[in-house]
Amino acid sequence: MKIYWLIWLTLLLSGQAFACKDSVVLVHGNSADIDSWDNTYYLLLENGYSGDDIYRPDWGLKSCAACNDHSGSEEVPVKEALTAAVANSCTGKIDVITHSMGGTLAAKQIVQLNLAASVDTFVGIAGAFRGLWSCGVYPFNVWTSTCGASGLSVQSPFLQGLYGQELADKVYSIKSNIDQVVCATGTCLVSGVHSSRIWSEDNSFTYVLGHFGLQTETAGQQLSLIQ
């Protein structure tokens, strides 16, 4: 028994026992899966987070990216993860890190569930918070669910309703000017602002990376933003 107390005391003095951290919710992009967060997930584990503190909701159809939008079955896993993360967080706060369409999807759930006061940090990576020119301008040239009224066409009813809503105590975006999705038409700008930038954000970070590299190659930056 004495040896267990010595181990516990050693961990406590080194700050490794009973470390209380915000729960973290990682929301992947359209048609991706939770494995896309592997770099971030394992870095969190290496830095004192428990697997029980990390939520990775798996949402949307994998075989039909154009079928997914921000309304209906896509919402459920994200809504459940956010709710559980808040309920189980030892700090009472959570951090939300998102990629691509996962950013706008998570943002909608935070607003609908009135969780902004419980979110310490929101990080949007390669999001299209102002829409995608490749989706057209609503309601013109909108052919798929992803680009429809509940999707990412520029000026869609969904994006218009989301714009300006409070998401967290601190908000950051991570973006690129060579993003194959956000900048697919040759410009990343919507009304003169990079579409991955979030209203009222505290800071924005630009990398020379593609759409998917922004998620997998910035794990260190992501960790620094939530600590």
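If you read the sequence shown in numbering that gives the first Met the number 0, its first letter stands for residue 0, the second for the next number, and so on.
We put the beta carbon where it would ideally sit given N, CA and C, even for glycine.
Item	Value
Provide the residue span of the alpha helix (DSSP H) that contains I225, from first to last.	A218 to I225
What span of residues does the beta strand (DSSP E) with I173 cover, start to end?	K169 to K174
For the alpha helix (DSSP H) containing F157, list its first residue and its last residue.	P156 to L161
Between L5 and S175, what straight-line distance do the alpha-carbon atoms span, to the nearest angstrom?	Because the pLDDT at L5 is just 43, under 50, the model does not fix this residue reliably, and the value given afterwards should be weighed accordingly. Between L5 and S175, the C-alpha separation is close to 49 Å.
Please list the terminal residues of the continuous alpha helix (DSSP H) segment that includes V85.	E74 to N87
Along the chain, where does the alpha helix (DSSP H) containing G212 start, and where does it finish?	G212 to T215
Grouping DSSP H, G and I as helix and E and B as strand, with all else coil, what is N46?	coil
So who's on the other strand from N202, going by DSSP bridges?	Y171
Here's a check: name, in chain order, each residue in its chain whose Cβ is nearer than 7 Å to the Cβ of D52, leaving out the five neighbours to either side.	K20, S22 and V23
So for T120, helix, strand or coil by DSSP?	strand
Looking only at its own chain, which residues have a Cβ that is under 8 Å from the Cβ of S35, when we skip the five neighbours before and after it?	H27, G28, H98, F211, Q214 and T215
Taking contact to mean 3 or more Cβ pairs, one atom from each stretch, closer than 8 Å, check whether the region 62-77 and the region 132-152 are in contact.	yes
Indicate the three-state DSSP secondary structure (helix, strand or coil) for D52 in the structure shown.	helix
Beta-carbon separation of I93 and V77 under 7 Å?	no
Can you check whether the CB of V181 is closer than 7 Å to the CB of S195?	yes
By the 10 Å Cβ neighbour count, where 16 or more other Cβ atoms means buried, how is E45 classified, buried or exposed?	exposed
Taking G102 as part of the beta strand (DSSP E), name the residues at either end of that continuous run.	Not the beta strand (DSSP E): G102 falls in the alpha helix (DSSP H), residues M100 to Q111.
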